[in-house]
Amino acid sequence: MSTLTLASDPEDAAAVEAVEAHHAQLAGELAGRVAMLIAAADRDPAEADEIRSGLVAFCDRDLLPHAVAEESTLYAAARDLPEARLLVDGMLAEHRRLTALVDAVRGAGPAVRAAADGRALQVLFEEHLDKENNLILPLLAGAPDISLADLLGGMHELLGGGEESGGESSGAGCGGTCGCGGSDDADVPELDVREVPHALRHATVFGALGAVPAGRAMLLVAPHDPLPLLRQIEDRHPGVFSVEYQQRGPEAWRLLLTHR
Numbered sequence: 004m005s006t007l008t009l010a011s012d013p014e015d016a017a018a019v020e021a022v023e024a025h026h027a028q029l030a031g032e033l034a035g036r037v038a039m040l041i042a043a044a045d046r047d048p049a050e051a052d053e054i055r056s057g058l059v060a061f062c063d064r065d066l067l068p069h070a071v072a073e074e075s076t077l078y079a080a081a082r083d084l085p086e087a088r089l090l091v092d093g094m095l096a097e098h099r100r101l102t103a104l105v106d107a108v109r110g111a112g113p114a115v116r117a118a119a120d121g122r123a124l125q126v127l128f129e130e131h132l133d134k135e136n137n138l139i140l141p142l143l144a145g146a147p148d149i150s151l152a153d154l155l156g157g158m159h160e161l162l163g164g165g166e167e168s169g170g171e172s173s174g175a176g177c178g179g180t181c182g183c184g185g186s187d188d189a190d191v192p193e194l195d196v197r198e199v200p201h202a203l204r205h206a207t208v209f210g211a212l213g214a215v216p217a218g219r220a221m222l223l224v225a226p227h228d229p230l231p232l233l234r235q236i237e238d239r240h241p242g243v244f245s246v247e248y249q250q251r252g253p254e255a256w257r258l259l260l261t262h263r
């Protein structure tokens with residue numbers, strides 16, 4: 004049974020949906036940034052250090068404040084439910100481990116070590132969000148004396164800032180298939196999102212693109228022609244990324260995305 008089915012009223016159902024969408028954005032961006040760090044760790048330590056700095060900045064700006072906001076809202080309310088107290092204690096302990104892993108990435112020496120710590124952070128965060136989506140939120144949504152809509156009203160850290168999620172929108176045109184500005188680097192990092200869950204796919208690409216410095220490129224491997232994604236990229240970063248198709252199906256679409 005979904006959290007939306009269990010929600011006590013439509014406003015609470017909408018609040019649950021907003022939290023889950025923000026979770027998908029955070030998890031996707033983290034996955035994209037970690038993928039770029041892993042790709043650069045052996046190839047280019049200097050680039051890896053720049054990507055690592057961007058990953059830490061994302062965690063400090065978005066991921067960790069999200070965790071802090073949960074503690075004073077979702078977790079505080081859930082602790083009043085007898086069946087959730089031990090679960091909340093475990094979730095708080097995971098927050099401490101997430102903070103420790105961010106600090107490990109921040110202070111890691113070799114790029115390979117930073118990549119390993121980043122991957123550990125990604126795995127723990129995804130497992131943590133799964134518990135929040137499938138355990139914490141259903142408990143709160145089903146409690147008749149708790150209003151999630153009131154609890155979360157206006158909280159940017161928990162609901163996001165209204166940015167587009169991984170859904171496929173039909174915005175205005177993308178930069179197209181122009182190949183100008185393509186990278187001459189034969190060792191371009193590859194981001195294969197064919198096995199990434201659809202809800203996370205766009206956010207994963209956005210996170211990876213955020214780690215591509217000017218003058219460098221990323222090879223995107225998608226399960227279909229990602230035209231809606233390209234429109235979203237152009238809407239977010241007008242004229243910043245050029246697009247060159249290197250393969251058009253049938254099993255994969257490969258696109259070189261170059262940061263001009």
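To convert, note that position 174 of the sequence shown is 177 in my numbering; the numbers rise steadily by one, no gaps. Beta carbons are placed, not taken as given, at the ideal position from N, Cα and C, and that holds for glycine. Here the structure is a predicted model, which means the values were calculated and not measured.
Is it buried or exposed for LEU89, if we count other Cβ within 10 angstroms and need 16 for buried? For the purposes of this step, residue 89 is identified with residue 86 of the sequence shown, where counting begins at 1. It is exposed - the Cβ of LEU89 has fewer than 16 other Cβ atoms within 10 Å.
Just to confirm, is the Cβ distance from HIS26 to ALA70 under 8 Å? Here residue 26 is taken as the residue at index 23 of the sequence shown, counted from 1. Here residue 70 is taken as the residue at index 67 of the sequence shown, counted from 1. Cβ atoms of HIS26 and ALA70: not closer than 8 Å.
Under a Cβ-count criterion, where at least 16 other Cβ atoms within 10 Å of its own Cβ denotes burial, should ALA175 be classed as buried or exposed? Here residue 175 corresponds to residue number 172 of the sequence shown, with the count starting at 1. Because ALA175 carries a pLDDT of 31, less than 50, the predicted location of this residue cannot be relied on, and the following value inherits that uncertainty. Taking all protein chains in view, the Cβ of ALA175 is surrounded by fewer than 16 other Cβ atoms within 10 Å, so the residue is classified as exposed.
Neighbourhood of ARG197 by C-beta, 8 Å cutoff - its chain only, sequence neighbours within 5 removed: Working through the sequence shown from its first residue, we reach residue 197 at position 194. Within the same chain, ARG197 has close Cβ partners VAL224, ALA225, PRO226 and ALA255.
Element boundaries [alpha helix (DSSP H), containing GLU53]: Stepping through the sequence shown from its first residue, residue 53 is reached at position 50. Counting along the chain, the alpha helix (DSSP H) containing GLU53 begins and ends at 48-61.
CA-CA distance, ASP106 and ALA123? Position 103 of the sequence shown, counted from the first residue, corresponds to residue 106. Position 120 of the sequence shown, counted from the first residue, corresponds to residue 123. Cα to Cα, the separation comes out at about 12 Å.
Looking at ALA79: is its Cβ nearer than 8 Å to the Cβ of ALA87? Sequence index remark: in the sequence shown, residue 79 carries index 76 (1-based). Sequence index remark: in the sequence shown, residue 87 carries index 84 (1-based). Not closer than 8 Å, so no.
Taking DSSP as the reference, what is the three-state secondary structure of LEU29? The count along the sequence shown starts at 1 and reaches residue 29 at position 26. DSSP places LEU29 in helix when its eight states are reduced to three.
Helix, strand or coil for ARG122, going by three-state DSSP, please let me know. For the purposes of this step, residue 122 is taken as the residue at position 119 of the sequence shown. ARG122 falls in the helix class under three-state DSSP.
With a threshold of 8 Å on Cβ separation, who are the neighbours of LEU101 within its own chain once the five nearest residues in sequence on each side are excluded? Within the sequence shown, residue 101 is the residue found at index 98, counting from 1. Only residues of its own chain outside the window of five on either side were considered, and among them LEU66, LEU67, ALA70, LEU124, LEU127, PHE128 and HIS131 have a CB closer than 8 Å to the CB of LEU101, listed in chain order.
Over the uninterrupted beta strand (DSSP E) stretch that includes ALA220, give me the two end residues. The residue you call residue 220 lines up with position 217 of the sequence shown. Counted as a single uninterrupted DSSP element, the beta strand (DSSP E) harbouring ALA220 occupies residues 220-225.
Is the segment 50-60 touching the segment 209-216 in the sense that three or more CB pairs, one from each, lie closer than 8 Å? Touching, yes.
Is the beta carbon of ALA38 closer than 8 Å to that of ALA206? Mapped onto the sequence shown, residue 206 falls at position 203. Mapped onto the sequence shown, residue 38 falls at position 35. Taking 8 Å as the Cβ cut-off, ALA206 and ALA38 do not qualify as a contacting pair.
Buried or exposed by the 16-neighbour rule on C-beta atoms within 10 Å, applied to PRO3: Past the edges of the chain, shown from 4 to 263, lies residue 3, and the structure says nothing about it.
To test your reading of the DSSP string, which unbroken alpha helix (DSSP H) runs of 4 or more residues are found completely within the segment 187-256? With a minimum length of 4 residues, the continuous alpha helix (DSSP H) runs that stay inside the segment 187-256 are 201-213 and 230-239.
For a test of the three-state rule: what should DSSP assign to LEU140, helix, strand or coil? Residue 140 sits at position 137 when you count from the first residue of the sequence shown. Of the three classes helix, strand and coil, the one that applies to LEU140 here is helix, per DSSP.
Rounded C-alpha distance that separates GLY185 from ILE149: Counting from 1 along the sequence shown, the entry for residue 185 is found at position 182. Counting from 1 along the sequence shown, the entry for residue 149 is found at position 146. Residue placement at GLY185 is poorly supported in this model, since its pLDDT is 43, which falls under 50; the coordinates are not used for a value here.
Within its chain, find whatever has a CB closer than 6 Å to the CB of GLY252; leave out the 5 residues flanking it on each side and keep chain order. Counting from one through the sequence shown, the residue named residue 252 turns up at place 249. Excluding sequence neighbours, GLY252 sits near nothing in its chain.
Length of the line joining the Cα atoms of PRO141 and ASP45: Counting from one through the sequence shown, the residue named residue 141 turns up at place 138. Counting from one through the sequence shown, the residue named residue 45 turns up at place 42. Straight-line Cα distance between these residues: approximately 42 Å.
Can you tell me whether GLN250 is buried or exposed, with buried defined as 16 or more other CB within 10 angstroms of its CB? Counting from 1 along the sequence shown, the entry for residue 250 is found at position 247. GLN250 comes out exposed.
Per-residue DSSP class, three states only, for THR102: Walking along the sequence shown from the start, residue 102 turns up at place 99. Helix at THR102.
From the DSSP output, in three-state form, read off LEU84 for me. Locating residue 84 in the sequence shown gives position 81, counting from the first residue. It is coil, neither helix nor strand.
Can the beta-carbon of LEU203 be found less than 8 Å from the beta-carbon of ALA21? The residue given as residue 203 occupies position 200 in the sequence shown. The residue given as residue 21 occupies position 18 in the sequence shown. No, the pair does not count as a contact, with Cβ atoms beyond the cut-off.
Rounded C-alpha distance that separates ASP190 from ALA24: As a working note, residue 190 is residue 187 in the sequence shown. As a working note, residue 24 is residue 21 in the sequence shown. ALA24 has its alpha-carbon roughly 34 Å from the corresponding atom of ASP190.
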